Amino acid sequence: DVDLDSKDEL
Amino acid sequence: MNIFRLTGDLAHLLAIIILLLKIWKTRSCAGISGKSQILFAIVYTTRYLDLVTTYVSAYNTLMKIFFLGSSFATVYLIYVKFKATYDHNHDTFRIEFLILPAVILALLINHAFTPLEILWTFSIYLESVAILPQLFMVSKTGEAESITSHYLFALGSYRGLYILNWIYRYAMESHYDLIAIVAGIVQTVLYCDFFYLYITKVLKGKKLQLPA
């Protein structure tokens, strides 16, 4: 879902 | 990666380096809230647990290692090495009133009910209020050394720049994460009063004096 790639942020 | 996030991370890096240099050079942590630094160490620990499981990029891994190392080093300098200069009379904010609500909120509002996701969400909520003990201490002492205000300006700017990054990512990649965005806005708003004082006073060479 949408939030997974916000884990590439610090 | 985009320019807003990169400058945000660099502002964050700068803030941490300013703080470490201030404490190390002056061999004193006067005016620095140890409680906020403890909260930051908790934030990075609970957020960067994926350091060992997922590899995003060398940049991502290096920054996580630096943030983890520097936050623990800062706590060590305050509570061990320069303990004698720690101003615990003014660093009295009850951080359990920040940690508990963040835990409860993370359990209630999250993207997935898995340990890693709950810890990440907790760290996002906690980071948004982690600076409160420091801002509280500045308001109690009524002033801050200019180096401390530079630290706070850089630290406050970092999440402000992340907001621009989220706008950019929504516009360009139609990606957004409401939990990070709402917490990031709260975090940046908490600095607004300080930003006003910093720009109207410190940049004019005056000391940061809060209205008594």
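Which chain is which? The protein sequence lines are A and B, in order.
1 is the number of the first residue of the first sequence in the numbering used here; add one for each residue after it.
1001 is the number of the first residue of the second sequence in the numbering used here; add one for each residue after it.
All C-beta atoms, glycine included, are put in the ideal place defined by N, C-alpha and C.
Nothing here was measured: the structure is a model prediction, and the numbers come from that model.
Starting from L1006/B, trace the alpha helix (DSSP H) both ways and give me its first and last residue. It spans I1003 to T1026 - the alpha helix (DSSP H) in which L1006/B sits, taken as one unbroken run.
What residue range is occupied by the uninterrupted alpha helix (DSSP H) comprising N1060/B? The continuous alpha helix (DSSP H) containing N1060/B extends over residues A1058 to Y1076.
Listing by chain order, which chain A residues have their CB less than 8 angstroms from the CB of A1084/B? Residues of chain A passing the Cβ test: none, with the nearest at roughly 33 angstroms.
Measuring alpha carbon to alpha carbon, tell me which of M1137/B, F1153/B and I1078/B ends up nearest L1203/B. Comparing C-alpha distances from L1203/B to each of M1137/B, F1153/B and I1078/B shows the shortest one belongs to F1153/B.
With respect to the alpha helix (DSSP H) encompassing T1053/B, which residues constitute its N-terminal and C-terminal limits? That residue, T1053/B, is in no alpha helix (DSSP H); it is neither H nor E in DSSP.
Hey, would you say T1200/B sits closer than 8 angstroms to G1031/B, going by beta carbons? One thing to note: T1200/B has its Cβ no nearer than 8 angstroms to the Cβ of G1031/B.
Taking H1088/B as part of the alpha helix (DSSP H), name the residues at either end of that continuous run. Taken as a continuous stretch (DSSP letters only), H1088/B belongs to no alpha helix (DSSP H), as it is neither H nor E.
Scan the stretch 1123–1144 of chain B for residues whose Cβ lies nearer than 8 angstroms to a Cβ of chain A and list them as they occur along the chain. Cβ contacts with chain A come from no residue of the stretch 1123–1144 of chain B.
What does the Cβ neighbour count give for I1104/B, buried or exposed, with the cut at 16 atoms within 10 Å? When all chains shown are included, I1104/B counts as exposed.
Extent of the continuous alpha helix (DSSP H) to which R1169/B belongs: For R1169/B, the enclosing alpha helix (DSSP H) has its first and last residue at S1146 to E1173.
Is the stretch 1114–1121 of chain B touching the stretch 1060–1078 of chain B in the sense that three or more CB pairs, one from each, lie closer than 8 angstroms? Taking 8 angstroms as the limit for Cβ pairs, the verdict is that the stretch 1114–1121 of chain B does not touch the stretch 1060–1078 of chain B.
Measuring only the C-alpha atoms, how far is L1108/B from K1206/B? Take the alpha-carbon of L1108/B and the one of K1206/B: they are about 45 angstroms apart.
Please determine, among F1136/B, L1021/B, L1126/B and H1175/B, the residue with the shortest C-alpha to C-alpha distance to T1092/B. Out of F1136/B, L1021/B, L1126/B and H1175/B, the CA that lies nearest to the CA of T1092/B is found in F1136/B.
In this structure, does DSSP put L10/A in helix, strand or coil? Residue state, collapsed to three classes: coil.
Round the Cβ separation of H1012/B and L1210/B to the nearest angstrom and send it over; I've been treating them as touching at under 8 angstroms. Approximately 25 angstroms separates the beta-carbon atoms of H1012/B and L1210/B; this is outside 8 angstroms, ruling out the contact.
Please confirm if N1060/B has its CB atom under 8 angstroms from at least one CB of chain A. N1060/B belongs to the set of residues whose beta carbon lies under 8 angstroms from a beta carbon in chain A.
Mind checking whether L1116/B and L1178/B have CB atoms under 8 angstroms apart? Contact flag unset, no.
Quick one: does M1063/B have its CB under 8 angstroms from some CB of chain A? Judged by the 8 angstroms Cβ criterion, M1063/B is in contact with chain A.
At what residue ranges does the stretch 1110–1134 of chain B contain a whole run of the alpha helix (DSSP H), taking only runs of 4 or more? If one requires a minimum length of 4 residues, the alpha helix (DSSP H) runs lying completely within the stretch 1110–1134 of chain B are 1115–1129, in chain order.
Is there contact here, the stretch 1070–1080 of chain B with the stretch 1160–1180 of chain B, by at least three beta-carbon pairs under 8 angstroms? Verdict: no, contact absent.
Taking the alpha carbon of A1144/B as the reference point, which residue from R1047/B, I1017/B, S1033/B and L1014/B has its own alpha carbon closest? Closest in alpha carbon position to A1144/B, among R1047/B, I1017/B, S1033/B and L1014/B, is S1033/B.
I'd like to know whether the C-beta atoms of S1028/B and F1097/B end up nearer to each other than 8 angstroms. Between S1028/B and F1097/B, the gap from beta carbon to beta carbon reaches 8 angstroms or more.
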